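Its first residue numbered 1, the sequence shown is counted upward by one per residue in my numbering.
Here is the structure we will look at, set down as structure tokens.
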Amino acid sequence: MVVLAALTACAGPFQYYDGTGIHDATAAEVAGGWENVEGTRVVLRKDGSALLEKLDGQDFDFEDGWRLSGTGTWQLSDDDGGQVVRLALTARTEVESRSPATVTDTSTSESPSTYTWFFYVDRDQHDELKLFFFYGDPDIGNTYVMTRETGS
């Protein structure tokens with residue numbers, strides 16, 4: 001009984017997230033500019049390439065405080081739980097620290113030179129797409145939300 005309690009104590013509500021249930025988004029609808037309130041900007045181009053500016057790490061990587069910029073690729077996939085955008089940074093051009101906001105020399109940084117994010121695809125109350133991933137401790141369920149860039 002004690003072992004079972006210890007094993008389930010770490011299983012918060014978002015640790016085993018099953019997805020949004022969204023299955024109707026198209027790659028053309030996902031393509032375009034995305035932003036969040038922290039100054040992050042991501043451009044998902046129709047050809048599958050991507051431009052990333054100041055994108056934080058997901059899950060526990062967020063706590064490392066780095067923000068990556070560069071180029072990469074993206075792909076929309078669908079499984080039983082819903083659609084996911086896989087975004088892969090393949091060429092890092094800049095690293096910034098979230099606090100204090102200073103640019104780091106990429107040749108000596110401990111941040112990753114490549115990285116992959118998995119954004120869940122969801123819709124808001126107006127049926128507009130939004131992309132998100134969880135950051136920090138998965139038991140808490142903090143979401144890093146990207147919305148359509150203003151003017152896109």
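Even glycine gets a Cβ: it sits at the ideal position worked out from N, Cα and C.
Since the structure is predicted, the reported quantities are computational estimates derived from the model, not experimental observations.
With 16 as the cutoff for other CB atoms within 10 Å, does D24 come out buried or exposed?
Counting from one through the sequence shown, the residue named residue 24 turns up at place 24. Exposed, by the Cβ-count rule.
Using a threshold of 9 Å, state whether the C-beta atoms of F62 and G141 are closer than that.
Here residue 62 corresponds to residue number 62 of the sequence shown, with the count starting at 1. Here residue 141 corresponds to residue number 141 of the sequence shown, with the count starting at 1. Their beta carbons are not under 9 Å apart, which means F62 does not touch G141 by this criterion.
What are the partner residues of A88, as DSSP defines its beta bridges?
For the purposes of this step, residue 88 is identified with residue 88 of the sequence shown, where counting begins at 1. Looking at the DSSP assignment, A88 forms a beta bridge with T73 and T116.
Using 9 Å as the threshold, is the C-beta distance between G57 and L44 below it?
Counting from 1 along the sequence shown, the entry for residue 57 is found at position 57. Counting from 1 along the sequence shown, the entry for residue 44 is found at position 44. Going by C-beta atoms, G57 is not nearer than 9 Å to L44.
Under DSSP, the beta strand (DSSP E) around E35 begins and ends at which residues?
For this step, residue 35 is matched to residue 35 along the sequence shown. E35 -> beta strand (DSSP E) spans G32 to E35.
Under 9 Å, do L131 and V30 count as touching if we go by C-beta distance?
Along the sequence shown, one-based indexing puts residue 131 at 131. Along the sequence shown, one-based indexing puts residue 30 at 30. Yes, they are a contact pair.
Does DSSP classify A153 as helix, strand or coil?
Outside the displayed range of the chain (1 to 152) lies residue 153, so it cannot be described from this structure.
Can you tell which of D80, E35, F133 and G48 has the C-alpha that lies nearest to the C-alpha of I22?
Here the question's residue 22 lines up with position 22 in the sequence shown. The option with the nearest alpha carbon to I22 is D80.
With which residues is T150 paired in a DSSP beta bridge?
Here residue 150 refers to the residue found at position 150 when the sequence shown is read from its first residue. Looking at the DSSP assignment, T150 forms no beta bridge with any residue, so it has no partner.
Per DSSP, D61 is paired with what?
By 1-based counting over the sequence shown, the position of residue 61 is 61. In DSSP, D61 forms no bridge with anything.
Is G82 helix, strand or coil when you go by DSSP?
The residue you call residue 82 lines up with position 82 of the sequence shown. Note: G82 maps to strand in three-state DSSP.
I believe E35 touches T147 by the beta-carbon criterion, under 8 Å. Please report the beta-carbon distance rounded to the nearest angstrom.
What you label residue 35 is simply residue 35 of the sequence shown in a count that begins at 1. What you label residue 147 is simply residue 147 of the sequence shown in a count that begins at 1. That pair is a contact at about 7 Å.
Going by Cα to Cα distance, which pick from D139, Y17 and G48 is closest to L76?
Position 76 of the sequence shown, counted from the first residue, corresponds to residue 76. Selected option, being the one with the closest Cα: G48.
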